[in-house]
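Top line first, the protein sequences correspond to chains Y, E and G.
Each residue of the first sequence is one higher than the one before, starting from 1 at the first, in our numbering.
Each residue of the second sequence is one higher than the one before, starting from 1001 at the first, in our numbering.
Each residue of the third sequence is one higher than the one before, starting from 2001 at the first, in our numbering.
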Amino acid sequence: MSETITEMPPVIPAAAGIQQLSMQQALNRALDEVLAQNPKTVIFGEDCGRLGGVFRITDGLQAKHGEDRVFDTPLAESGILGMSVGLAMAGFHPIPEVQFDGFAYPAINQIVCQIARMNYRSRGTLPMPITLRVPSFGGIRAPEHHGESLEALFAHVPGLKVVSPSNPHDAYHLLKYAATRPDPVIFMEPKSRYWQKGPVDLTPAAADTTAPDGGNLTGARVAREGRHLTLVAWGAMVSRCLQVAELAAEDGIDIEVLDLRWLKPIDAEALARSVAKTRRAVVVHEAPLTSGLGAEVAQLITQGCFDTLKAPVERVTGFDVPYPSGDLEDEYIPNIDRILFGIQRVLEYRRG
Amino acid sequence: MTTKPALAAVDDDAAPLSNQQLRELYTLMAAVRHLDTSAVAWQRQGIIPGYAPELGQEAAQVGSGYAVDRSRDFVFPTYREMGVARAMGLDMVGYMSTHKATWHGGMYNPVESRFAPIQAVVAGSVLHAVGWAHGQTLAAPDEGTGVAMTYFGDGASSQGDVHEAMNFAAVMKAPVVFFIQNNGWAISVPTERQVAGGSVAARAAGYGIPALQVDGNDVVAVYEATRSAFAHCRNGNGPVVIEAMTYRRGPHSTADDPGRYRTLEEERLDAGEDPLERFKQRLLADGVADEAFFADAQRKAEEEAEVIRMGIQDLGPRPGAEMFNLVFQEPTPALQSQATAWREESEHV
Amino acid sequence: MAEISFPLPDLGEGLIEATVLDWLVEPGQQVERNQPIVELETSKSALELPSPQAGKVVRIHGAPGETINVGAPLIVFEVPDDTAGIVGTVPKDEAPKRRVRLSAVLDED
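As structure tokens, this is what we get:
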């Protein structure tokens, strides 16, 4: 069995600008820098201020940047998101936090009817540069409504963009990028990956690039190259798919792992590029199967690669059940065997 | 039990309204009355597909809108604040375009007008006012701050967002005027079946917010209450709740039939005095205006409505490309490709 | 690393304070859960407090003879910051386990 179960090499060159950080540290650092760079940035939510957030993502930011810039709100998600709309209208860049995925539900009205539409409703005169941080997905044996995967819900709403990092490096750069955009971005943080450390290259994007993201933050990312099949994943499922790829390699199957990162807009070109090469695809997500984002991914792959696809795109996902209690969590979240079964079904498929 | 906190400040130069201002208020109310009844007629004539009349609420809307300082304040309306819009000097063709089904938020510029896009979600923008107001505190905490005024009704007061907004505003001492027009009806449901306790203003005490319940059919009383509330907010004392007691004399919308839930006799008894006629009698009694002035105000109102009618009739449909172009500041490739497909397959040019 | 402060609990139905008799641990020391950390005397009894958690002692409050109010800091621990927050547990990165084997004839056309 392979010892390498993370996507990054275990030994990191001590290059300038590269540090070993957890995703929690990387996100904290990104927010710190965003606050320093844009005086109109404000961070707020439940327990974001003095406590530093229940996951400590905003740890120390209030002490450093002041209570006007980083503050606690009353315990009401609709209030937090509705207030964000007004702050954005007043020229601020709000970075609200919803404490857990499931608590975005009480704010859905403000997210869907207001944040997503105000730019449109106002004919572009009232942009909504709101970066909504949502600790997301399952895997930490938490109480009810603390393990939900809302990406399909958000991605379905016109006017929203959705992104989810899978490692500390991307978390740092994607958050800094999202928090400087003029449109609302739902930033889904995989809470089960907050504490694992990885190398983060803190070097800013080259100044001479014309792309606002330095040319590498708006699309998907090939997390591992392979020839026989593409595993498409995001958030915490990326590291699991990398584990699966290691195991598949023992069986002679060379798997490519595509970290989608942006769930809206989806990088359709990267999907087509990868699957045009491998001709087989399995999409993996924690959210329930039906109308999940996997269906969208499967359609985009089919659209782009139908001629050369060897098999229908498989989906390995959570089930169409309420997210279960911690004891059953491992039965719900796609595990290594279920992903391997999905891969096997694709490998065995024969036309006609 | 009297728990109602008093306003901590009133307007420093709270001089009585001059005769000139009183006449201006009447002119505005007359214009609003005529535009409102005209809009109902336009709906019957097929010029606009629908309209939400504010008949009977002219005093509440003009009196409050007249108190707004457009150099620093910002108003968050619902879909029944035509009188506020007119009092604030909005481009009324741009305002009425929402009822022409030209563009949901209206075609006026909300930033320049200091009047947020028309809001169809009941209580949808109440929290926006709190956020905007807190933004003023953050931006310039010590100067005479801009005040947010958010409009909503007795029906909207049932929404949870109103509670969240009042609580947030009070906790943060945000300069917000919560302006409730209690017009007796939320479509078919009367206030007594809508508002437990009978008064939205009474709820303010629970948040420690000072509240003023005013005769919403008395334009001067509404103006003075709003001006006092603005002064209170501007001086850093936090939010104020104003409940203007008025009456929705017309239907909820041009598609509504009040005869199904209230009788004409009930309307006659409950509506109280017509705010326009009442103000006219007061101005006459005080010698502030004469019949010639009222006739002139009516003539101006008719001319104005006619210009607005022609303006909205001239409004063509917006270019379909705006559907795609105005979703994001930075459009996505998927949306751009949908726009391309639409242009190729559907644009009838 | 993060610090977790442990406030003096009510040691007996409505007590408001306790007096430190003797500290059994000192700053810098690693302690285990349930390890005795301090001897206290209340108006009802003298007792020994078991540590509420494992961790490194950062600070102790109250010299012997001093009184501490219920709710005031008694001892501060340093703990790794890889805690999941107020709820949940951090999943361990374990070596992957599998039951399924892949078999395929890959026609490399």
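From the three backbone atoms N, C-alpha and C, an ideal C-beta is built for every residue, glycine too.
Taken atom to atom, the span from the alpha-carbon of G124 of chain Y to that of Q1329 of chain E is near 7 Å.
Residues of chain Y with a Cβ closer than 8 Å to the Cβ of T2042 of chain G do not exist, since the nearest Cβ in that chain sits about 31 Å away. Residues of the region 79-90 of chain Y with a C-beta less than 7 Å from any C-beta of chain E: G79, G82, M83, S84, V85, G86, L87, M89, A90, listed in chain order. Excluding five sequence positions before and after M1082 of chain E, the CB atoms of its chain that fall closer than 6 Å to its own CB belong to E1054, given in chain order. Judged by beta-carbon spacing, F154 of chain Y lies within the 8 Å limit of V162 of chain Y, meaning their Cβ atoms are closer than that value.
Contact between I1312 of chain E and S1097 of chain E holds: their C-beta atoms lie close to 6 Å from each other, under 8 Å. Taking 8 Å as the CB threshold, P2091 of chain G lines the interface with chain Y. In the DSSP annotation of this structure, the continuous segment of the beta strand (DSSP E) that includes V257 of chain Y starts and ends at 255-259. Counting only the Cα atoms, H2061 of chain G lies some 11 Å from V2038 of chain G. DSSP, read as helix, strand or coil, puts K310 of chain Y in coil. The C-alpha of L175 of chain Y lies about 8 Å from the C-alpha of L31 of chain Y. With fewer than 16 other beta carbons inside 10 angstroms of its own, G2071 of chain G counts as exposed.
Residue contact check for A1129 of chain E against chain Y: a CB pair falls below 8 Å.
The contact set of R141 of chain Y on chain G, defined by CB atoms closer than 9 Å, consists of A2084, V2087, G2088, T2089, P2091 in chain order. Residue-level contact check: N109 of chain Y touches chain E, since one or more beta carbons of chain E fall below 8 Å from its beta carbon. With distances taken between CA atoms, R1249 of chain E lies nearest to E:L1264 out of E:L1326, E:L1264, E:R1260. Annotation for D2022 of chain G: the continuous beta strand (DSSP E) segment containing it runs 2017-2023. The C-beta of F341 of chain Y comes closer than 8 Å to at least one C-beta of chain G.
The straight-line gap separating the alpha-carbon atoms of R351 of chain Y and A311 of chain Y is approximately 7 Å. Taking E2032 of chain G as the centre and dropping the five residues before and after it, the same chain places the C-beta of S2051, A2054 closer than 8 Å to its C-beta, in chain order.
Residues of chain E with a Cβ closer than 8 Å to the Cβ of L126 of chain Y are, in chain order, P1110, V1111, A1116, P1117. When the five nearest sequence neighbours on each side are left out, the beta carbons in the same chain lying within less than 7 Å of the beta carbon of R56 of chain Y are those of Q24, in order along the chain.
Of the other Cβ atoms in all chains shown, 16 or more fall within 10 Å of the Cβ of L1090 of chain E; this residue is therefore buried. Interface annotation, P168 of chain Y: not in contact with chain E, CB-CB separation never under 8 Å. Between the C-alpha atoms of A1205 of chain E and V297 of chain Y there is a straight-line separation of about 53 Å. In the three-state reduction of the DSSP assignment, G1153 of chain E falls in the strand class, which pools E and B. In this structure, P1077 of chain E lies near Q1119 of chain E, with their beta-carbon atoms less than 8 Å apart.
Interface flag for L150 of chain Y against chain G is unset, since no Cβ pair is found closer than 8 Å. One alpha carbon belongs to V2025 of chain G, the other to T2067 of chain G, and they sit about 18 Å apart.
Excluding its 5 nearest sequence neighbours in each direction, R224 of chain Y has C-beta neighbours in its own chain below 8 Å: E7, L242, A245, I255, E256, V257, listed in chain order. Using a C-beta cut-off of 8 Å, the region 1017-1030 of chain E makes contact with the region 1275-1293 of chain E, since at least three inter-stretch Cβ pairs fall below that distance.
Under a 10 Å Cβ-count criterion, Q1194 of chain E is classified as buried, with 16 or more other Cβ atoms of the shown protein chains found around its own Cβ.
Not one beta carbon of chain E lies nearer than 8 Å to the beta carbon of F306 of chain Y. In the displayed model, M188 of chain Y falls within a strand according to three-state DSSP. At least one beta carbon of chain E lies nearer than 8 Å to the beta carbon of A76 of chain Y. If you check the CB distance, Q19 of chain Y and V200 of chain Y come in under 8 Å.
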